[in-house]
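Step one of this worksheet: look at the structure below.
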Amino acid sequence: MQNRTLEIGVGLFLLAGILALLLLALRVSGLSPSPSTDTYKLYAYFDNIAGLTVRAKVTMAGVTIGKVTAIDLDRDSFTGRVTMQLEKRVDNLPTDSTASILTAGLLGEKYIGISVGGEETPLKDGGTIHDTQSSLVLEDLIGKFLLNTVSKDAK
1 MQNRTLEIGV GLFLLAGILA LLLLALRVSG LSPSPSTDTY KLYAYFDNIA
51 GLTVRAKVTM AGVTIGKVTA IDLDRDSFTG RVTMQLEKRV DNLPTDSTAS
101 ILTAGLLGEK YIGISVGGEE TPLKDGGTIH DTQSSLVLED LIGKFLLNTV
151 SKDAK
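Quick look at the structure:
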């Protein structure tokens, strides 16, 4: 009887450990439902969204303030449209704020960084950030460097 109680205890302990690891994996991946906070929607248009994914974080001064909820192609301007869900606690972003696609580290994940502008009027729910900086594509940068080196050697 004592042996059976010990086996049940070990089994429950193992099950609790597996559930804890599963919960940790879901939180790290961003798949878990986040706490229900009030949010509002903003849009930004970029010439190049290479590497940015849905559920990428949106930060300001290094603090996560939201996430990317959708990435679409705007058929009129042929640019990428990013839909962001931002927390209500930062609902006073000026209309001249800047959104940039940044990389965590040299080859890390892409995310959106917002720099605050100086205007008095804030962006409203459904507003658009017009001043954007597109993603830096490493292959394009290497290609420009090589082309520049070849053209200098030809002279």
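When the count follows the UniProt record's numbering, it moves up by one through the sequence shown with no breaks and lands on 155 for the last residue. Ideal Cβ placement from N, Cα and C applies to all residues, glycine included. Values in this document were obtained by computation on a predicted structure and should not be read as measured data.
### Contact under 9 Å by Cβ, Tyr40 with Asp91
Mapped onto the sequence shown, residue 40 falls at position 40. Mapped onto the sequence shown, residue 91 falls at position 91. Closer than 9 Å, so yes.
### Task
State whether the stretch 52-62 contacts the stretch 106-116, with contact taken as three or more CB pairs (one from each stretch) at a distance under 8 Å.
yes
### Task
Taking only the alpha-carbon atoms, compute the straight-line gap between Glu129 and Leu24 and give it to the nearest angstrom.
Against the sequence shown, residue 129 aligns to sequence position 129. Against the sequence shown, residue 24 aligns to sequence position 24. Note that residue 129 corresponds to Ile in the displayed sequence, not to Glu. Taking the straight line from one Cα to the other gives about 34 Å.
#### Entry: beta strand (DSSP E) segment containing Ser29, residue limits
Translated into the one-based positions of the sequence shown, residue 29 becomes position 29. No beta strand (DSSP E) contains Ser29, which is instead part of the alpha helix (DSSP H) from 2-29.
#### Entry: Residues near Gly118 by beta carbon distance below 7 Å, same chain, minus five either side
Within the sequence shown, the letter at position 118 stands for residue 118. Around Gly118: Pro94, Asp96.
### Task
Taking Tyr43 and Gly80 to be in contact with their CB atoms under 8 Å, please state how far apart those CB atoms are, rounded to whole angstroms.
Locating residue 43 in the sequence shown gives position 43, where the first residue counts as 1. Locating residue 80 in the sequence shown gives position 80, where the first residue counts as 1. Their Cβ separation, rounded to whole angstroms, is 11 Å, which puts Tyr43 and Gly80 out of contact at 8 Å.
### Message
Just to confirm the assignment: which complete beta strand (DSSP E) runs, minimum length 3, are found wholly within the UniProt domain "Mce/MlaD" (39-116)?
### Response
39-46, 57-60, 63-74, 79-87, 98-103, 110-115
### Query
Which class does Asp140 belong to by DSSP, given the choice of helix, strand or coil?
Stepping through the sequence shown from its first residue, residue 140 is reached at position 140. In this structure, Asp140 counts as helix in the three-state DSSP scheme.
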